[in-house]
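*Asks:* Just dropping this structure here.
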Amino acid sequence: MKISRKPEWLQKRINPSAHAEMERLLGDLQLHTVCQEAFCPNITECFRSRQATFLILGRRCTRLCSFCNVTKETPLPADTTEPGRVAEAIRRLNLGHVVITSPTRDDLEDGGAGLYAATVAAIRETSPRTAIELLIPDFGGERQALAMVARACPDIIGHNLETVPRLYQIREGADYRRSLAVLAALHELAPFLKTKSGLMVGLGETEEELGEVFQELRRAGCCYLSIGQYLAPSKRHHPVRAFIEPALFERYREKALAIGFAHVESGPYVRSSYHAAEYGG
Ligand code: SF4
Numbered sequence: 666m667k668i669s670r671k672p673e674w675l676q677k678r679i680n681p682s683a684h685a686e687m688e689r690l691l692g693d694l695q696l697h698t699v700c701q702e703a704f705c706p707n708i709t710e711c712f713r714s715r716q717a718t719f720l721i722l723g724r725r726c727t728r729l730c731s732f733c734n735v736t737k738e739t740p741l742p743a744d745t746t747e748p749g750r751v752a753e754a755i756r757r758l759n760l761g762h763v764v765i766t767s768p769t770r771d772d773l774e775d776g777g778a779g780l781y782a783a784t785v786a787a788i789r790e791t792s793p794r795t796a797i798e799l800l801i802p803d804f805g806g807e808r809q810a811l812a813m814v815a816r817a818c819p820d821i822i823g824h825n826l827e828t829v830p831r832l833y834q835i836r837e838g839a840d841y842r843r844s845l846a847v848l849a850a851l852h853e854l855a856p857f858l859k860t861k862s863g864l865m866v867g868l869g870e871t872e873e874e875l876g877e878v879f880q881e882l883r884r885a886g887c888c889y890l891s892i893g894q895y896l897a898p899s900k901r902h903h904p905v906r907a908f909i910e911p912a913l914f915e916r917y918r919e920k921a922l923a924i925g926f927a928h929v930e931s932g933p934y935v936r937s938s939y940h941a942a943e944y945g946g
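Residue numbering for the sequence shown follows our numbering, beginning at 666 and increasing consecutively.
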């Protein structure tokens, strides 16, 4: 079943004229954000308050997730000047909390872990009080790459499961068990680090399947969770199967909190980094 008409609780407006200042700064420093690449519905709210989720390691991904708008082409080599430019943007924006993410870079020997670590180091040097949250790819499950990122000591490391195991065909190249193992390995490598995951709903999952995923995330040591409505970036992308009502989002939030998550953001417009500063760090 394909659903195209959005319900009244999903009618947020994007106002491009409010993005000008952020777009100038990003253009000046030649930086990308996932807010722009993913057509995030919260972009006006975030850019207006000078918040953004930085996309490092380029805009091209080596995977083919059918829900994602990031360009699927051969990526360019990693740019070692990028950590300094990200740090400069954070300094100019005077951010108290920043989220850094990237596409998956299966073409790089370390999956890009070294550039993540260098970005944390550059931010610590120029903005020592900024809380740093990394939203990492699975690095093919390579423990060395995960250790490199954990050793950089960000405040939070997130890795999104995105959906329930039955629907993993929409994450081509990914593996549900491997993603869970990534979170468990991070917890084991650096128990002081807070780990976080994100799920999209409205893809055809059941409440029972979601409940099982919550349990598995907790067993992997994950303490923060975000749950948001999947919205197809275009007609070419995976279709929306259901618009989840706000009351059901609230029930998911209560269920997740009841099994021990320290913080859960759950709502139609929640995205991985939405209200990220409220998770602590
Ligand atoms: S791995 Fe990440 S960036 Fe790449 S296509 Fe999938 S969701 Fe998008």
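Beta carbons are placed, not taken as given, at the ideal position from N, Cα and C, and that holds for glycine.
Computed from a predicted model, the values in this text were never measured in an experiment.
Use the C-beta contact count for E930: other C-beta atoms within 10 angstroms, 16 or more gives buried, fewer gives exposed.
*Replies:* Against the sequence shown, residue 930 aligns to sequence position 265. It counts as buried.
*Asks:* Under the three-state reduction of DSSP, which class applies to Y648: helix, strand or coil?
*Replies:* What the structure shows of the chain is the stretch from 666 to 946, and residue 648 is not part of that stretch, so it cannot be assessed.
*Asks:* Within 8 Å: the Cβ of G838 and any heavy atom of ligand 1?
*Replies:* In the sequence shown, the residue the question calls residue 838 occupies position 173. Yes, ligand 1 has a heavy atom inside 8 Å of this Cβ.
*Asks:* Quick one: Cα of E747 to Cα of A754, how far?
*Replies:* For the purposes of this step, residue 747 is taken as residue 82 along the sequence shown, with counting starting at 1. For the purposes of this step, residue 754 is taken as residue 89 along the sequence shown, with counting starting at 1. Using only the alpha carbons, I get a separation of about 11 Å.
*Asks:* Whole angstroms are fine: how far does the CA of T769 sit from the CA of A855?
*Replies:* Taking the first residue of the sequence shown as position 1, residue 855 is located at position 190. Taking the first residue of the sequence shown as position 1, residue 769 is located at position 104. Whole-angstrom Cα-Cα distance: 22 Å.
*Asks:* Check whether the Cβ atoms of T784 and H824 sit closer than 9 Å, and answer yes or no.
*Replies:* In the sequence shown, residue 784 corresponds to position 119, counting from 1. In the sequence shown, residue 824 corresponds to position 159, counting from 1. No, they are not a contact pair.
*Asks:* Measuring alpha carbon to alpha carbon, tell me which of E688, A927, M687, P740 ends up nearest G886.
*Replies:* In the sequence shown, the residue the question calls residue 886 occupies position 221. Per the Cα distances, A927.
*Asks:* For A752 versus I788, is the C-beta distance shorter than 9 Å?
*Replies:* Indexing the sequence shown from 1 puts residue 752 at position 87. Indexing the sequence shown from 1 puts residue 788 at position 123. Yes, Cβ-Cβ distance for A752 and I788 is below 9 Å.
*Asks:* With DSSP collapsed to three states, give me the class of Q894.
*Replies:* Counting from 1 along the sequence shown, the entry for residue 894 is found at position 229. It is a strand residue.
*Asks:* Taking C-beta to C-beta, are R724 and V735 nearer than 9 Å?
*Replies:* Your numbering for residue 724 matches position 59 in the sequence shown. Your numbering for residue 735 matches position 70 in the sequence shown. In contact: R724 and V735 (Cβ atoms closer than 9 Å).
*Asks:* For my contact list, S731 and R756 are in at a C-beta cut-off of 8 Å; report their separation, rounded to the angstrom.
*Replies:* In the sequence shown, the residue the question calls residue 731 occupies position 66. In the sequence shown, the residue the question calls residue 756 occupies position 91. Between R756 and S731 the Cβ distance is about 37 Å, and since that is not below 8 Å, they are no contact.
*Asks:* If you draw a straight line from the C-alpha of E904 to the C-alpha of L722, how long is it?
*Replies:* Here residue 904 corresponds to residue number 239 of the sequence shown, with the count starting at 1. Here residue 722 corresponds to residue number 57 of the sequence shown, with the count starting at 1. In the sequence under discussion, the amino acid at residue 904 is Pro, which differs from the Glu named in the question. Rounded to whole angstroms, P904 to L722 spans 28 Å at the Cα level.
*Asks:* For N680, count neighbouring Cβ atoms within 10 angstroms of its own Cβ and tell me buried if that reaches 16, exposed if not.
*Replies:* To locate residue 680, count along the sequence shown from 1; it is residue 15. That one is exposed.
*Asks:* Going by C-alpha distance, which of L913, D771, G692, C733 is nearest R901?
*Replies:* Here residue 901 refers to the residue found at position 236 of the sequence shown. Selected option, being the one with the closest Cα: C733.
*Asks:* Who are the near neighbours of G761 in its chain, counting only those whose CB is closer than 7 Å to its CB and skipping five residues on each side?
*Replies:* Locating residue 761 in the sequence shown gives position 96, counting from the first residue. Once the five neighbours on either side are set aside, the close Cβ partners of G761 are T795, A796, A942.
*Asks:* Tell me whether the beta-carbon of L922 lies closer than 9 Å to the beta-carbon of L868.
*Replies:* Position 257 of the sequence shown, counted from the first residue, corresponds to residue 922. Position 203 of the sequence shown, counted from the first residue, corresponds to residue 868. For L922 and L868, no; Cβs fall outside 9 Å.
*Asks:* Can you tell me the Cα-Cα spacing of R715 and V763, whole angstroms?
*Replies:* Residue numbering aside, residue 715 sits at position 50 when the sequence shown is read from its first letter. Residue numbering aside, residue 763 sits at position 98 when the sequence shown is read from its first letter. Taking the straight line from one Cα to the other gives about 11 Å.
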